[in-house]
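J.: Quick one: structure below, then a few questions.
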Amino acid sequence: MPKLSVYQENARATHELTDERITIGRATDNMIEIPDPSVSGRHAELILIDDRYQLKDLGSTNGTRVNSEIITEVFLRVGDRIRFGKVEARFESDASGAAQPLPEADEIEARPAETSERPADFENASPFPSRQKAKDPMATAVLAAAAVAILAFLISLLGLLQIHGS
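In my numbering, the protein residues as written are 357 to 522.
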């Protein structure tokens, strides 16, 4: 039979899940009441669908997490860690025919890459075209004219200084 164990203040409360719809929250009329300020009045609900419980967040203030991921709805597996606000819970089962937790992953050896060269067939996957600077002949002419004008101004300024200095 599936169970939800709620851990709060060094205490564990285990709730057997027997109904098709189970409400969870801080309000006293919930089937599973969690009297913690981080839990919303109507925080979440469990819905039995084809012998599996689906957990739905009901727009709670502090959210619902399953295995550290924020969820809006998810089918639970035995061993899932659930967090309602700041309160931890765990989805469990003592029936032999219930879904079993996933097996432990095999350890694999990971080594750092030997090279960091770009592959020969590498292409830029960016959806944006690469920028190509087109040379504008008009801008180049304006800059050249400005440079000549500044140079002529400096030369005439030097000439005036020589005239006044002699």
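All residues carry an ideal CB built from backbone N, CA and C; glycine is no exception.
How close, in whole Å, do the beta carbons of Val422 and Asp436 come, if the pair is a contact with beta carbons under 8 Å?
T.: In the sequence shown, the residue the question calls residue 422 occupies position 66. In the sequence shown, the residue the question calls residue 436 occupies position 80. 5 Å between Cβ atoms; contact.
J.: Determine, using beta carbons only, whether Glu401 and Leu414 come nearer to each other than 8 Å.
T.: Counting from 1 along the sequence shown, the entry for residue 401 is found at position 45. Counting from 1 along the sequence shown, the entry for residue 414 is found at position 58. Their beta carbons are under 8 Å apart, which means Glu401 touches Leu414 by this criterion.
J.: Mind checking which residues open and close the beta strand (DSSP E) that includes Val443?
T.: Counted from its first residue, the sequence shown places residue 443 at position 87. Start and end: 443-449.
J.: Does the distance from the CB of Gly381 to the CB of Arg398 come in under 8 Å?
T.: Taking the sequence shown and counting its residues from 1, one reaches residue 381 at position 25. Taking the sequence shown and counting its residues from 1, one reaches residue 398 at position 42. Contact flag set, yes.
J.: If distances are taken between C-alpha atoms only, which option among Phe509, Lys442, Ala508, Gly515 comes closest to Val395?
T.: Here residue 395 refers to the residue found at position 39 of the sequence shown. Ranking Phe509, Lys442, Ala508, Gly515 by Cα distance to Val395 puts Lys442 first.
J.: With DSSP collapsed to three states, give me the class of Gly515.
T.: For the purposes of this step, residue 515 is identified with residue 159 of the sequence shown, where counting begins at 1. Residue state, collapsed to three classes: helix.
J.: Find out if the Cβ-Cβ distance for the pair Glu376, Leu411 is shorter than 8 Å.
T.: Position 20 of the sequence shown holds residue 376. Position 55 of the sequence shown holds residue 411. Taking 8 Å as the Cβ cut-off, Glu376 and Leu411 do not qualify as a contacting pair.
J.: If you draw a straight line from the C-alpha of Met357 to the C-alpha of Thr370, how long is it?
T.: As a first step, residue 357 must be located in the sequence shown, where it is residue number 1. As a first step, residue 370 must be located in the sequence shown, where it is residue number 14. For Met357 and Thr370, the distance between alpha carbons rounds to 12 Å.
J.: Would you list the residues sitting across from Ile378 in a DSSP beta bridge?
T.: Locating residue 378 in the sequence shown gives position 22, where the first residue counts as 1. Bridge partners of Ile378: Leu402.
J.: Quick check on the burial criterion: 16 or more other C-beta atoms within 10 angstroms. Buried or exposed for Tyr363?
T.: For the purposes of this step, residue 363 is taken as the residue at position 7 of the sequence shown. Exposed, since its Cβ has fewer than 16 Cβ neighbours within 10 Å.
J.: Run the CB neighbour count on Ile506, radius 10 Å, all protein chains shown included, and call it buried at 16 or more, exposed below.
T.: What you label residue 506 is simply residue 150 of the sequence shown in a count that begins at 1. Ile506 should be labelled exposed.
J.: For Met387, I'd like the list of residues in its chain whose CB is within less than 6 Å of its CB, leaving aside the five on either flank, ordered along the chain.
T.: Numbered from its first residue, the sequence shown carries residue 387 at position 31. Taken in chain order, the residues that qualify are Ile378, Thr379.
J.: Give every residue of the same chain whose Cβ lies closer than 7 Å to the Cβ of Leu360, excluding the five residues on either side of it in the sequence, and list them in chain order.
T.: Indexing the sequence shown from 1 puts residue 360 at position 4. Cβ neighbours of Leu360 beyond the five flanking positions: His371, Leu373, Ile388, Ala445, Phe447.
J.: Suppose you measure from the CA of Thr417 to the CA of Asp492; what does that come to, to the nearest Å?
T.: Here the question's residue 417 lines up with position 61 in the sequence shown. Here the question's residue 492 lines up with position 136 in the sequence shown. So the alpha carbons of these two residues sit roughly 57 Å apart.
J.: Mark Ser512 as exposed unless 16 or more other C-beta atoms lie within 10 angstroms of its C-beta, in which case mark it buried.
T.: Along the sequence shown, one-based indexing puts residue 512 at 156. Exposed.
J.: Reducing DSSP to helix, strand and coil, say where Leu507 ends up.
T.: For the purposes of this step, residue 507 is taken as the residue at position 151 of the sequence shown. It is helical.
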